[in-house]
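Visitor: Mind looking over this structure? Questions follow.
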Amino acid sequence: MKLSKNYKFWFCTGSQDLYGDECLRNVAEHSRIIVEELNKSGVLPFEVVLKPTLITNELIRKTFNEANIDEDCAGVIVWCHTFSPAKSWILGLQEFRKPLLHLHTQFNEEIPYDTIDMDFMNENQSAHGDREWGHMVTRMGIERKVVVGHWTSQAVREKIASWMRTAIGIVESSHVRVMRVADNMRNVAVTEGDKVEAQLKFGWEVDAYPVNEIAEAVAAVSESDTNALVDEYYDKYEILLEGRDADEFKRHVAVQAQIEIGFERFLEEKNYQAIVTHFGDLGALKQLPGLAIQRLMEKGYGFGAEGDWKVAAMVRIMKLMSAGMKNAKGTSMLEDYTYNLVPGKEGILQAHMLEICPTIAEGPISIKCQPLSMGDREDPARLVFTSKEGPGIATSLIDLGDRFRLIINSVDCKKVEKPMPKLPVATAFWTPQPDFATGCEAWILAGGAHHTAFSYDITAEQMGDWAAAMGIEAVYIDNNTNIRDFKKDLMLGNVVFGK
């Protein structure tokens with residue numbers, strides 16, 4: 012599954028004609044050099060495209076509308092080299108619908124003390140022009156990212172690169188389509204939600220299909236295609252028979268291979284990028300999809316268990332945001348399962364019945380086939396592994412009835428102290444920041460769910476920027492969190508975002 016399009020970002024420089032043609036030529040040349048060097052830096056994940064210097068209402072409006080309809084344009088970077096009267100930008104900004112970054116920089120890094128004169132001052136006045144522009148964008152209530160510093164700075168380039176990935180999550184959100192196989196788990200609150208409001212806010216299409224319609228697609232997969240994928244499994248993963256008959260084990264694995272192929276073909280045919288299943292409604296499926304779902308997530312599909320379509324969409328978006336990232340460590344759906352409460356060793360064991368994405372795995376990945384008490388089907392095959400160590404974020408998008416809230420918890424992933432040989436599922440283990448007790452209390456106060464969209468690669472800042480662009484509340488749980496202030500943040504969110 013292709014995770015990313017050939018996106019580009021437009022670079023638009025603001026100026027005016029008060030200082031003559033030579034000044035405008037210099038503005039254009041400086042912008043060209045900045046764009047060229049940004050692209051040569053190797054830091055940015057996407058190409059920056061230089062646009063003509065923006066001076067007039069007409070050109071600004073035309074450029075922003077062209078950006079709107081260009082499917083390859085994922086956002087616009089604006090820099091006001093000289094003074095740029097902000098009223099000229101109003102119509103263009105009113106009609107612009109894509110992510111926006113304000114790069115507050117200037118061409119020269121140091122004041123040229125020996126030669127500086129008024130011509131230089133007039134030409135190089137982003138300290139003036141960017142403030143004028145920023146005032147107008149704030150007055151219009153337009154969400155944007157502001158990055159400050161010299162364009163040659165590694166830190167500035169990394170901030171632009173980070174925002175680019177957020178912008179991909181923003182523009183791709185309106186392309187996310189979630190296929191619900193059956194409904195959510197009965198009487199469970201957090202997997203519910205307002206799908207109409209989600210489409211209004213995020214652009215998501217969330218559609219339900221009878222389980223047997225997709226089961227027919229699974230049954231249509233040929234034996235030769237199934238066997239070829241089984242061979243791939245056996246080449247790629249360790250096989251843990253654990254006393255089971257080898258032929259019988261392989262037959263169980265083949266069921267998952269057939270499900271993987273059938274599900275993927277159905278998703279591609281119907282143009283869905285995320286899927287949810289529910290163990291309580293499996294229809295004609297022989298097994299609860301386990302290994303099959305894990306492989307689909309690895310390919311970039313979003314997934315949510317027990318009908319949790321919000322998590323499925325968020326996993327898809329976070330996979331898109333991290334696509335192509337060098338040394339990526341992985342993104343997956345996870346579920347808070349059980350605690351370790353030994354003082355000094357507190358943490359949360361993350362797992363699910365079957366469906367954890369192998370992109371987060373460290374070390375060997377094995378196939379096991381074990382009974383599953385839920386689902387009333389034959390023993391499903393699944394991939395078993397432990398996750399990587401290191402920092403990550405766990406996110407929960409919840410529906411509070413009158414609005415959505417995104418909860419973002421920074422976590423520290425660790426190795427469990429001892430093996431768990433009788434636990435036949437993939438696992439992760441983490442301690443929430445700032446510490447176990449505070450992190451858990453804050454999560455519960457915020458209304459966080461037990462399912463999360465987790466990533467080692469996406470930052471809390473990126474997800475917060477995504478939430479801001481979507482016009483929803485975001486709350487952060489990290490090393491700066493204390494419960495007294497966190498409660499105040501929640502009360503403020505109720506005032507600002509509540510209806």
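Residue numbers for the sequence shown follow our numbering, beginning at 12 and rising by one. No residue lacks a Cβ here, since even glycine has one placed at the ideal position from N, Cα and C.
#1: Would you call the segment 494 to 508 and the segment 364 to 380 in contact, with 3 or more CB pairs under 8 Å?
#2: So which of Val-38, Gly-86, Ile-45, Ala-303 has the shortest CA-CA distance to Thr-64?
#3: Does Pro-300 pass the burial test, meaning 16 or more other C-beta atoms within 10 Å, or should it be called exposed?
#4: Smallest Cα separation from Pro-435: which of Ala-464, Leu-383, Thr-492?
#5: Secondary structure at Gln-444, three-state DSSP: helix, strand or coil?
#6: Quick check: what's the CA-CA separation for Val-222 versus Phe-118?
#7: Taking 8 Å as the limit between beta carbons, can you name the residues of its chain near Trp-516, skipping five residues before and five after?
#8: Does DSSP put Ala-2 in a helix, a strand or coil?
#9: Taking the alpha-carbon of Pro-56 as reference, which of Met-336, Trp-100, Met-196, Ile-44 has the nearest alpha-carbon?
#10: Using the rule of at least 16 other Cβ atoms within 10 Å of the residue's Cβ for burial, across every protein chain shown, is Asp-319 buried or exposed?
#11: What span of residues does the beta strand (DSSP E) with Lys-156 cover, start to end?
#12: How would you call Lys-356, buried or exposed, if buried means at least 16 neighbouring beta carbons within 10 angstroms?
#13: How is Glu-346 classed by DSSP in three states: helix, strand or coil?
#14: Give me the DSSP bridge partner(s) of Ser-466.
#15: Just tell me which of Gly-412, Glu-183, Val-506, Glu-428 has its CA closest to the CA of Asn-351.
#16: Pick out whichever of Thr-237, Val-217, Gly-254, Leu-278 has its Cα sitting closest to the Cα of Ile-225.
#17: Looking at C-beta atoms only, is the number of pairs between the segment 236 to 253 and the segment 154 to 172 that lie closer than 8 Å three or more?
#18: Given this structure, state the Cα-to-Cα distance separating Gly-291 from Gly-482, to the nearest angstrom.
#19: Report the residue from Cys-368, Ala-172, Ala-230 whose alpha carbon sits nearest the alpha carbon of Val-326.
#20: Thr-288: which of Gln-298, Glu-47, Asp-347, Glu-280 sits nearest, CA to CA?
#21: Would you kindly work out how many angstroms separate the C-alpha atoms of Ile-88 and Ser-95, rounded to a whole number?
#22: Going along the chain, which residues of its own chain have a beta-carbon closer than 7 Å to the beta-carbon of Asp-205, five neighbours each way excluded?
#23: Tell me which same chain residues have a C-beta within less than 6 Å of the C-beta of Tyr-30, skipping the five on either side of it?
#24: Short of 8 Å in beta carbon distance, which residues of its chain neighbour Thr-342, apart from the five on each side in sequence? Order them along the chain.
#25: Judging by CA-CA distance, which residue of Met-151, Met-190, Ser-52 is the nearest neighbour of Gln-284?
#26: Can you tell me whether Arg-393 is helix, strand or coil according to DSSP?
#27: Beta carbon of Asp-28, beta carbon of Ile-71: below 8 Å?
#28: Apart from the five residues just before and just after Phe-260, which ones in its own chain have a Cβ nearer than 6 Å to its Cβ?
#29: Am I right that Asp-83 and Asn-17 are in contact with their C-beta atoms under 8 Å? What's the rounded C-beta distance?
#30: Across which residues does DSSP place His-113 in a beta bridge pair?
#31: With a CB to CB cut of under 7 Å and the five nearest residues on each side skipped, what residues in its chain are close to Ala-525?
#32: To the nearest angstrom, report how far apart Ala-457 and Met-344 are at their CA atoms.
#33: Determine the burial state of Tyr-312: buried for a count of at least 16 other Cβ atoms within 10 Å of its Cβ, exposed for fewer.
#34: Using a Cβ-Cβ cutoff of less than 7 Å, which residues in the same chain neighbour Arg-155 once the five nearest sequence positions on both sides are dropped?
#35: With a cut-off of 8 Å on the beta carbons, I'd call Thr-237 and Ala-265 a contact; round off their distance for me.
#36: So what does Val-422 bridge to, in DSSP terms?
Guide: In short:
#1: Touching, no.
#2: Val-38
#3: buried
#4: Leu-383
#5: coil
#6: 59 Å
#7: Coverage of the chain is limited to positions 12 through 510, which leaves residue 516 absent and any answer about it impossible.
#8: With the chain covering only 12 through 510, there is no way to say anything about residue 2.
#9: From the listed residues Met-336, Trp-100, Met-196, Ile-44, the smallest Cα separation to Pro-56 is found for Met-336.
#10: buried
#11: It spans 156 to 159 - the beta strand (DSSP E) in which Lys-156 sits, taken as one unbroken run.
#12: exposed
#13: strand
#14: Thr-342, Ile-404
#15: Closest by alpha carbon: Glu-428.
#16: Nearest neighbour of Ile-225 by Cα position, chosen from Thr-237, Val-217, Gly-254, Leu-278, turns out to be Leu-278.
#17: Touching, no.
#18: 35 Å
#19: Cys-368
#20: Its Cα nearest to that of Thr-288, the residue Gln-298 stands out among Gln-298, Glu-47, Asp-347, Glu-280.
#21: 15 Å
#22: Asp-410
#23: The answer, listed in chain order, is Asn-133.
#24: Val-326, Met-329, Lys-330, Ser-333, Cys-368, Thr-370, Ile-371, Ala-464, Phe-465, Ser-466, Tyr-467, Asp-468, Ile-469
#25: Met-190
#26: Arg-393: strand per DSSP, three-state reduction.
#27: The Cβ atoms of Asp-28 and Ile-71 lie no closer than 8 Å to each other.
#28: Leu-252, Cys-380
#29: 6 Å
#30: Val-89, Val-157
#31: A question about residue 525 goes unanswered here, because the residues of the chain that appear run from 12 up to 510.
#32: 20 Å
#33: Buried is the call here.
#34: Leu-111, Leu-112, His-113, Val-148
#35: Right, their Cβ atoms sit about 5 Å apart.
#36: Gly-403, Pro-443
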